[in-house]
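Colleague: Quick one: structure below, then a few questions.
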Amino acid sequence: MYLRIQIRGVVYALVAISLNHEKLIKIPVKNFPRGIAEITLFNHELVPVTERLLFVNHDQKLYIKAIADKEIYFTKEKVKIKIKVTDDEGNPVLAHLGASVYDKIYDDPEDSKTIEGHFFLSTVLRGIIYDPEYSFNPEQPGRKESLDLLMLTQGWRKYEWQENNLKEETVEKQPYITDTLIGRIYLKKRKTQVNLGEQYVMSFAGNSESGKTLLEVDSLGQFVILPQYLQQEKRGYMYLKLLTNIKELGIGIVDPSFEPLNKLITDQNISYLCRSPKKKQLLVQNDYM
1 MYLRIQIRGV VYALVAISLN HEKLIKIPVK NFPRGIAEIT LFNHELVPVT
51 ERLLFVNHDQ KLYIKAIADK EIYFTKEKVK IKIKVTDDEG NPVLAHLGAS
101 VYDKIYDDPE DSKTIEGHFF LSTVLRGIIY DPEYSFNPEQ PGRKESLDLL
151 MLTQGWRKYE WQENNLKEET VEKQPYITDT LIGRIYLKKR KTQVNLGEQY
201 VMSFAGNSES GKTLLEVDSL GQFVILPQYL QQEKRGYMYL KLLTNIKELG
251 IGIVDPSFEP LNKLITDQNI SYLCRSPKKK QLLVQNDYM
C-alpha cells in the first residue's frame, strides 16, 4: 500500500508500506509548510482507500517587523517602511506580503477575523467555521486538540466504504459501455408470423481486399459484431447482409448512443472505473464532493 501527504495540492511525502493489521509510521514534517495536510491511503493498485485531514506545524510562525522612517506623517505624505521577516530560528524568509492603511476609527474590536483563521481554515474547510481564531490563540490551552477535532468533523472525506456495494459487486454485471456492437433481425410488419429457423448475417467491406465474415444469429434474433471485425474495416464502411430469402425480415443495430446509457445509470451511484476485470473497486464518491 501507499501513503501520500499533500498540502495545498503539492505532494510532500509518498511512502510505500506493507500493511497487515496495524502499523505505526513516522514521517518528519519539519520541512512541511504550515497548514492542512491531506493524508491519503492507497491500495496496491493506487486506488484511494481512505483519507483524513491533519493540521501540521501548528507552532510554525513568521515574525514580521515593520520600521517606519518617521513617527508622525502629514496628510498624503510619502511613507517609507522597511519590513523584515524571519522564521522561528531568526533566519530571513522570502515572503509575499500585502498591506492596507486605514484610520483607527474604522477598527472594530468585535471583528476577530485574522489572516490565519481566514486562509488556514475558513477558505479550506467546508461549512461554517465558528470562531476560527480560537485555534490560533496561544492563550487557549486546548486549541490544538480542538483543531484536530475540527479536522475530523469539518474535514471532507473523498472516499468511503459502502456495504451495499460489497453485496452488489459479488455478482458480475454487464458493463455499460463496450467495444462490441449488438445487431438484431426483426419483422418489418408486427402482425407477420415467420419461423426464423437458423439464420446468418454476412459482414463485408466495399473493397475486394477485405474478407467476408459470417455472424451467427441466436434464438432471440441477435448477433454480435466483435471489435476485431470493426478494426478490419477502419476508415471505410462495413456492410451487413442477412442471408435469407424471407423478405419480411429486416436487420438493425442496437443504438449505442448515450440515450440507452443514461437509462441504465439513472438513480445509481457513480462508481469508479475498474482497473482490473477480476478486482472491482468498492469505493464511491460522496454526494457532497
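Counting in the numbering used here, the final residue of the sequence shown is number 289, and the numbers go up one at a time with none missing. Where is the CB? At the ideal position from N, CA and C, for every residue including glycine.
1. Who are the Cβ neighbours of Asn-137 in its own chain at under 7 Å, not counting the five residues just before and after it?
2. State the start and end residues of the unbroken beta strand (DSSP E) segment that holds Ser-203.
3. Assess, as a yes-or-no matter, whether the segment 37-48 is touched by the segment 72-84 under the definition of 3 or more beta carbon pairs within less than 8 Å.
4. For Ala-37, count neighbouring C-beta atoms within 10 Å of its own C-beta (all shown protein chains included) and say buried if the count is 16 or more, exposed if not.
5. Go ahead and pull the three-state DSSP assignment for Lys-189.
6. Looking at the structure shown, is Gln-231 part of a helix, part of a strand, or coil, going by DSSP?
7. Quick one: what does DSSP say Ile-115 is sitting in, helix, strand or coil?
8. In whole angstroms, what is the alpha-carbon distance linking Asp-69 and His-96?
9. Between which two residues does the beta strand (DSSP E) holding Met-238 run?
10. What are the residues that DSSP puts in a beta bridge with Thr-180?
11. Which value, in whole angstroms, describes the spacing of the CA atoms of Leu-215 and Glu-45?
12. Give me the Cα-Cα distance between Thr-153 and Ser-146, rounded to the nearest whole angstrom.
13. For the 8 Å Cβ check, are there 3 or more pairs between the segment 2-20 and the segment 83-94?
14. At a threshold of 7 Å, does Ser-146 count as lining the ligand NAP (C-beta to nearest heavy atom)?
15. Taking only the alpha-carbon atoms, compute the straight-line gap between Gly-211 and Ile-246 and give it to the nearest angstrom.
16. Rounded to whole angstroms, how far is the Cβ of Val-290 from the Cβ of Ile-25, which I believe are closer than 8 Å?
17. Taking the alpha-carbon positions, what's the Ala-99 to Val-11 distance?
18. Nearest to Lys-65 by CA position, among Pro-92, Tyr-237, Ile-17 and Tyr-239, is which residue?
19. Excluding the five sequence neighbours on either side, which residues of its own chain have a C-beta within less than 6 Å of the C-beta of Gly-250, listed in chain order?
20. Can a CB atom of chain B be found closer than 8 Å to the CB of Lys-61?
21. How many Å lie between Leu-62 and Leu-94 at the Cα?
22. If you follow the beta strand (DSSP E) that Thr-213 is in, where does it begin and where does it stop?
23. Go ahead and label Ser-18 buried or exposed: buried means 16 or more other beta carbons lie within 10 angstroms of its beta carbon, across all protein chains shown.
24. Which value, in whole angstroms, describes the spacing of the CA atoms of Asn-165 and Val-49?
25. If you follow the beta strand (DSSP E) that Arg-52 is in, where does it begin and where does it stop?
26. Using the Cβ count rule (16 or more neighbours within 10 Å means buried), how would you classify Gly-117?
Modeller: The answer reads as follows:
1. For the purposes of this step, residue 137 is taken as the residue at position 137 of the sequence shown. So the list reads Arg-143, once near-sequence residues are dropped.
2. For the purposes of this step, residue 203 is identified with residue 203 of the sequence shown, where counting begins at 1. Here the beta strand (DSSP E) through Ser-203 covers 200-205.
3. No, they do not touch.
4. Here residue 37 corresponds to residue number 37 of the sequence shown, with the count starting at 1. With 16 or more Cβ atoms within 10 Å of its Cβ, Ala-37 is classed as buried.
5. Here residue 189 corresponds to residue number 189 of the sequence shown, with the count starting at 1. If DSSP states are grouped into helix, strand and coil, Lys-189 belongs with coil.
6. Residue mapping note: residue 231 aligns to position 231 of the sequence shown, counting from 1. Of the three classes helix, strand and coil, the one that applies to Gln-231 here is helix, per DSSP.
7. For the purposes of this step, residue 115 is taken as the residue at position 115 of the sequence shown. Helix, per DSSP.
8. Position 69 of the sequence shown holds residue 69. Position 96 of the sequence shown holds residue 96. Using only the alpha carbons, I get a separation of about 22 Å.
9. As a position in the sequence shown, residue 238 is number 238, starting the count at 1. Segment 238-242, the beta strand (DSSP E) holding Met-238.
10. Locating residue 180 in the sequence shown gives position 180, counting from the first residue. Answer is none; Thr-180 lacks a bridge partner.
11. Along the sequence shown, one-based indexing puts residue 215 at 215. Along the sequence shown, one-based indexing puts residue 45 at 45. Distance between the alpha carbons of Leu-215 and Glu-45: 38 Å.
12. Here residue 153 refers to the residue found at position 153 of the sequence shown. Here residue 146 refers to the residue found at position 146 of the sequence shown. Rounded to the nearest angstrom, the two C-alpha atoms are 11 Å apart.
13. No: the two stretches stay apart, fewer than three of their Cβ pairs being nearer than 8 Å.
14. Absence of the ligand NAP is noted for the structure shown, with no ligands found whatsoever.
15. Counted from its first residue, the sequence shown places residue 211 at position 211. Counted from its first residue, the sequence shown places residue 246 at position 246. About 25 Å.
16. What the structure shows of the chain is the stretch from 1 to 289, and residue 290 is not part of that stretch, so it cannot be assessed.
17. Stepping through the sequence shown from its first residue, residue 99 is reached at position 99. Stepping through the sequence shown from its first residue, residue 11 is reached at position 11. When rounded, the distance between both Cα atoms is 30 Å.
18. Position 65 of the sequence shown, counted from the start, is the residue given in the question as residue 65. Taking only the C-alpha atoms, the option nearest Lys-65 is Pro-92.
19. In the sequence shown, counting from the first residue as 1, residue 250 sits at position 250. These residues qualify, in order along the chain: Tyr-186 and Lys-188.
20. In the displayed structure, chain B is absent; only one protein chain is listed.
21. In the sequence shown, counting from the first residue as 1, residue 62 sits at position 62. In the sequence shown, counting from the first residue as 1, residue 94 sits at position 94. Each residue's Cα considered, the two are about 10 Å apart.
22. Within the sequence shown, residue 213 is the residue found at index 213, counting from 1. Per DSSP, Thr-213 belongs to the beta strand (DSSP E) from 213-216.
23. Here residue 18 refers to the residue found at position 18 of the sequence shown. The residue in question, Ser-18, is exposed, as its Cβ has fewer than 16 Cβ neighbours within 10 Å.
24. One-based indexing of the sequence shown puts residue 165 at position 165. One-based indexing of the sequence shown puts residue 49 at position 49. In this predicted model, Asn-165 has a pLDDT of only 49, less than 50, meaning its place in the structure is not dependable enough to derive any value.
25. In the sequence shown, residue 52 corresponds to position 52, counting from 1. Counting along the chain, the beta strand (DSSP E) containing Arg-52 begins and ends at 48-56.
26. What you label residue 117 is simply residue 117 of the sequence shown in a count that begins at 1. The residue in question, Gly-117, is buried, as its Cβ has 16 or more Cβ neighbours within 10 Å.
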